[in-house]
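Q: In this note's numbering, the protein residues as written are 63 to 384.
Got a structure here, written out as structure tokens. Questions coming.
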Amino acid sequence: MATVDDAEFCFSNLNSSCRRIVRPHSVSVLIYITLSSISCLGGSVFIKSDLTFLYLSLFRKLHTPTNLLLLSLAISDFFVGILMIFQISLIDGCWLFGALLCIVYYYLDYIFTSASIGTMVLLSVDRYVAVCEPLQYPTKVTANRVKVCVSLCWIISVLYQSFLFKDNLEQPGQYSTCLGECVVVVSYVGSIVDVILSFIGPVIVIVLMSLRVFVVALSHAHSMRSHVASVRPAHESQFTTKKSELKAFSTISVVIVVFLLCISPYFCVSMTGADSFLNASALSFVICLFYLNSFFNPLIYALVCSWFLRAAVQLVFSVSQL
């Protein structure tokens, strides 16, 4: 029978084992209830991400530049959600899957999250051109160009993280101080570059683009209200187009706002070094909030985008006919 002291170790029969993180019982119950809820939500989001992939792949009429970007976002969010399972196993401070899988986990995690962030930047640029330069949009933003940009986004993410994790990939577990610890160390210069490229740079681009789009969208809305009384039926299609642009802008805006709210605490903690001052429970909350962004994105565009719901009905009807 394991003693109380043994229960505090990740591996009770090994002297080199790490200690588990000990929390008050009430805090532990709250954390695991929260994580259980996230897991249940994650299951539904995994399904939605898969459906998004199927819808956008099977229905050629949905192969628009914006939807291709949403497809990239769905793929990255899907894999981030899968990796969340391993993050849950780290809540008590114990990694049970070995040093190699520890490095692979962090490596893939950074690839998918950076690809997701890059896709968010591309989405903001897409909405900027669509709203601010609507006449040039069909020629400037084509499906082929978007495919190239998305491919470059993923390739750069892989190459960048390979450079960032070079030492960790060459010698897995070299920075672990005890058995059951999963830790990676990035150089100070690499950390600064990562914060700039993964947070400060994307946030500046997204905010500036969104503010510009917001101003133009308000101008369009004011123009629509001013002329709605004198509009002839022949011009209804033009206003329908503007309304669809505004609706698309509002949907992408919600995604961007949620993105900023979820990732900002994590990078603020990383930049200030406050992770060494936060207790384990607070740090776990910040990390979970970072990952929640990947859960919220599919929910937003799955529930708000009408094309998604119509495609879902069509796909279910087609499957039922088999």
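For glycine and all other residues, C-beta sits at the position ideal for the given N, C-alpha and C.
1. Give me the Cα-Cα distance between D249 and F357, rounded to the nearest whole angstrom.
2. Can you tell me whether E243 is buried or exposed, with buried defined as 16 or more other CB within 10 angstroms of its CB?
3. At a cut of 8 Å, does the stretch 214-233 reach the stretch 169-183 through at least three beta carbon pairs?
4. Can you tell which of S186, S151, G160, C164 has its C-alpha closest to the C-alpha of C264?
5. Leaving aside the five residues before and after V456 along the sequence, list all residues of the same chain whose C-beta is less than 6 Å from its C-beta, in chain order.
6. Considering only the beta carbon of each residue, do L132 and A205 sit closer than 9 Å?
7. Quick one: give me the first and last residue of the alpha helix (DSSP H) that I83 is part of.
8. For W216, report the span of its alpha helix (DSSP H) as first-last.
9. State buried or exposed for R189, treating a residue as buried only when at least 16 other CB atoms are found within 10 Å of its CB.
10. Taking the alpha-carbon of V320 as reference, which of V278, I268, R274, S332 has the nearest alpha-carbon?
11. CB-CB under 6 Å to T128, same chain, minus the five flanking residues each way: which ones, in chain order?
12. Just to confirm, are V348 and V331 a CB contact at a threshold of 9 Å?
13. Strictly by DSSP, which residues pair up with L20?
A: Taking the definition as stated:
1. Taking the sequence shown and counting its residues from 1, the one referred to as residue 249 is at position 187. Taking the sequence shown and counting its residues from 1, the one referred to as residue 357 is at position 295. A small fix is needed here, since residue 249 is Ser in this sequence, not Asp. Between S249 and F357, the C-alpha separation is close to 30 Å.
2. If you number the sequence shown from 1, residue 243 lands on position 181. Flag for E243 reads buried.
3. yes
4. For the purposes of this step, residue 264 is identified with residue 202 of the sequence shown, where counting begins at 1. Checking the displayed sequence, the identity of residue 264 turns out to be Pro instead of Cys. Selected option, being the one with the closest Cα: S186.
5. The structure shown does not extend to residue 456, since the chain is modelled only from 63 through 384, so no value can be given for it.
6. Along the sequence shown, read from residue 1 onward, the residue named residue 132 stands at position 70. Along the sequence shown, read from residue 1 onward, the residue named residue 205 stands at position 143. No, they are not a contact pair.
7. Within the sequence shown, residue 83 is the residue found at index 21, counting from 1. Taken as a continuous stretch (DSSP letters only), I83 belongs to no alpha helix (DSSP H), as it is neither H nor E.
8. Counted from its first residue, the sequence shown places residue 216 at position 154. Per DSSP, W216 belongs to the alpha helix (DSSP H) from 205-226.
9. Here residue 189 refers to the residue found at position 127 of the sequence shown. That one is buried.
10. Translated into positions along the sequence shown, residue 320 becomes position 258. Here the closest residue by C-alpha is I268.
11. By 1-based counting over the sequence shown, the position of residue 128 is 66. Hits under 6 Å: D188.
12. Stepping through the sequence shown from its first residue, residue 348 is reached at position 286. Stepping through the sequence shown from its first residue, residue 331 is reached at position 269. The answer is yes: Cβ separation under 9 Å.
13. The chain is shown only over 63 to 384; residue 20 falls outside these bounds and no answer can be derived.
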